[in-house]
Every structure is written in structure tokens, then in C-alpha cells.
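Chemist: Numbering of the sequence shown is given in UniProt numbering, commencing with residue 1 and proceeding in unit increments.
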Amino acid sequence: MVEANKEIREGIWSWAKFYRKGWDYFAFTMHRISGIVILFYLYLHYIVLSNLLHPGPNGIDYNKIVTSITVGPYDSFLVLDFLLALVIFYHGANGVRLALNEFGIGLNKNKALFIIFEVISMILLGLFDYYALQFAGVKF
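(1) Quick check on histidine 91: buried or exposed, where buried means 16 or more other Cβ atoms within 10 Å of its Cβ?
(2) For the stretch 119-133 against the stretch 78-89, do three or more pairs of beta-carbon atoms, one drawn from each stretch, fall closer than 8 Å, so that the two count as touching?
(3) Could you check the C-alpha separation between aspartate 24 and lysine 111 for me, to the nearest Å?
(4) What runs of the alpha helix (DSSP H), each 4 residues or longer, lie entirely inside the stretch 72-118?
(5) What are the boundary residues of the alpha helix (DSSP H) that includes glycine 35?
(6) On the three-state DSSP scale, how would you describe phenylalanine 135?
(7) My understanding is that serine 121 touches alanine 93, with C-beta atoms under 8 Å, so please give their C-beta distance in whole angstroms.
(8) Would you call phenylalanine 140 buried or exposed, if buried means 16 or more other Cβ atoms sit within 10 Å of its Cβ?
(9) Check tyrosine 19 in the structure and name its three-state DSSP category.
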């Protein structure tokens, strides 16, 4: 009973302790963290778009926001978009696996299902990145 109460008192920091907890705990933690990152991005996206609707006295527009964040010859937005795509593809694949588990599919092969869906999501992420780079004008 004391050990169970100790874990409750650790709070959110106990998510980061993977020692001897297994792959399913890792999948749970990464699903929660990816959900928080997606939620943070949505709020940030909403703030940027709402500023574009009501420009201030400086005449803030999209190009000024992008050029203020972009540093050097490399587009930092492209890197952030790739990281966001990684988070979204992971969260989506794990969400599909969890939905199948709720319907009773793959309960006895949960680890294999996790690996299969994550491999599929990384292949789709690679295709997304390839076409995103082509759209950005990068030549291969």
C-alpha cells in the first residue's frame, strides 16, 4: 500500500521513469507526451492565426512572423514541421492500435501490433517528408 501511494505522489514526473516498466509503459508515456505536444501546437497555431486577423500598428503579417522565427540560411519552420509530423504520425498509429485493442483485436499480440503500426507510420512519415521536401523546392 505504501509503494502504491509513493507512485501517486510522484505525479507527472513518474512518466519519465522507464526503468523496468516495459515497452507498454513507454508507448503510454509517449502517447501522452505526443498528445500534449499536438495540443500545444494547436494553441500556438491559433494564436498566430488570430494575430493575422487583427494586425497591430506594426502591420504584422504572415511573412513577418516567418522571417522573425527563421534564423540563417535554413528554414527552421521546415524542421519544426518534420518534428510535428513525427509526433502526429506516432500518435495516430498508437491511437489506431489502442482503438483496435478496445474492440478486442490484437490483445494477445499487443507488442507485435505496436511494432507493426509504428513501422507503417514511419514509412508514411518518410513519404510525407519526401513530398514535403519536394514541395519546398529541395532537389534530390
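C-beta: ideal position from N, C-alpha, C; glycine also.
Modeler: Taking the definition as stated:
(1) Taking the first residue of the sequence shown as position 1, residue 91 is located at position 91. By the neighbour-count rule (16 or more Cβ atoms within 10 Å), histidine 91 is buried.
(2) Verdict: yes, contact present.
(3) Reading the sequence shown from its first residue, position 24 is the one you call residue 24. Reading the sequence shown from its first residue, position 111 is the one you call residue 111. About 8 Å.
(4) Fully enclosed alpha helix (DSSP H) runs of 4 or longer: 76-102.
(5) What you label residue 35 is simply residue 35 of the sequence shown in a count that begins at 1. For glycine 35, the enclosing alpha helix (DSSP H) starts and ends at 23-53.
(6) For the purposes of this step, residue 135 is identified with residue 135 of the sequence shown, where counting begins at 1. Looking at phenylalanine 135 - three-state DSSP - the assignment turns out to be helix.
(7) Taking the sequence shown and counting its residues from 1, one reaches residue 121 at position 121. Taking the sequence shown and counting its residues from 1, one reaches residue 93 at position 93. About 4 Å separates the CB atoms of serine 121 and alanine 93; that is less than 8 Å, so the two are in contact.
(8) Along the sequence shown, read from residue 1 onward, the residue named residue 140 stands at position 140. With fewer than 16 neighbouring CB atoms inside 10 Å of its own CB, phenylalanine 140 falls in the exposed class.
(9) Reading the sequence shown from its first residue, position 19 is the one you call residue 19. Per DSSP, reduced to three states, the secondary structure at tyrosine 19 is coil, with no helix or strand assignment.
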